[in-house]
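**Q** Sending over a structure as structure tokens; questions will come in a sec.
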Amino acid sequence: MAYINFIMGWKNQDLQVLKEICDPGLKVFFVDSDNQQIEYDYHQFINLLDIRFQNVQDWQFDIINRYNRYDEELILSNVTRENSQQELIEPLAFCIFTFKKSKEPKLIRMYMETKLNQQKY
Numbered sequence: 000m001a002y003i004n005f006i007m008g009w010k011n012q013d014l015q016v017l018k019e020i021c022d023p024g025l026k027v028f029f030v031d032s033d034n035q036q037i038e039y040d041y042h043q044f045i046n047l048l049d050i051r052f053q054n055v056q057d058w059q060f061d062i063i064n065r066y067n068r069y070d071e072e073l074i075l076s077n078v079t080r081e082n083s084q085q086e087l088i089e090p091l092a093f094c095i096f097t098f099k100k101s102k103e104p105k106l107i108r109m110y111m112e113t114k115l116n117q118q119k120y
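Numbering (numbering that gives the first Met the number 0), first residue to last: 0 to 120.
Okay, here's the thing in structure tokens:
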């Protein structure tokens with residue numbers, strides 16, 4: 000289950016682990032509250048994480064569900080990050096992580112909706 004190693008690497012801010020789990024053909028999509036979509040490739044995503052990891056922070060992943068599709072595993076998760084005082088650094092994000100199942104599973108696609116306000120029903 001590559002997603003566990005991926006999430007632990009992210010939580011531990013271990014860029015080397017993330018480099019190994021991310022496929023070189025990785026596509027990452029971020030959508031913000033202005034409905035602006037930004038697309039990153041592998042190198043741009045790794046550079047973004049490198050910048051984000053400059054400060055110590057607590058990343059929280061709330062796994063909502065897992066799905067299988069042929070040779071892929073999709074993970075749905077809420078993501079938040081907090082500072083050392085346990086204050087949110089930015090609003091909630093919702094992510095879909097898609098991993099290619101193989102001998103060495105890799106993250107091939109990531110889609111993130113950012114700046115969300117969580118509502119309880």
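For every residue, glycine included, the Cβ atom is placed at its ideal position computed from N, Cα and C.
Less than 9 Å between the C-beta atoms of D147 and V78, yes or no?
**A** The requested residue 147 is not part of the displayed model; the chain covers only 0 to 120.
**Q** By Cβ distance below 6 Å, which residues in the same chain neighbour I37 in space, the five residues on each side in sequence not counted?
**A** To locate residue 37, count along the sequence shown from 1; it is residue 38. Correct list, in chain order: F29.
**Q** Where does G24 land, buried or exposed, given buried means 16+ other C-beta within 10 angstroms?
**A** Numbered from its first residue, the sequence shown carries residue 24 at position 25. So G24 counts as exposed.
**Q** Can you name the start and end residues of the beta strand (DSSP E) that Y39 belongs to?
**A** Within the sequence shown, numbered from 1, the residue matching residue 39 stands at position 40. Counting along the chain, the beta strand (DSSP E) containing Y39 begins and ends at 36-40.
**Q** Around the Cβ of L87, are there at least 16 other Cβ atoms within 10 angstroms (buried) or fewer (exposed)?
**A** Residue mapping note: residue 87 aligns to position 88 of the sequence shown, counting from 1. Label assigned to L87: exposed.
**Q** Going by beta carbon distance, what residues of the same chain come within less than 6 Å of R108, once the five residues before and after it are set aside?
**A** By one-based count along the sequence shown, residue 108 stands at place 109. Only K26, T97 meet the Cβ criterion.
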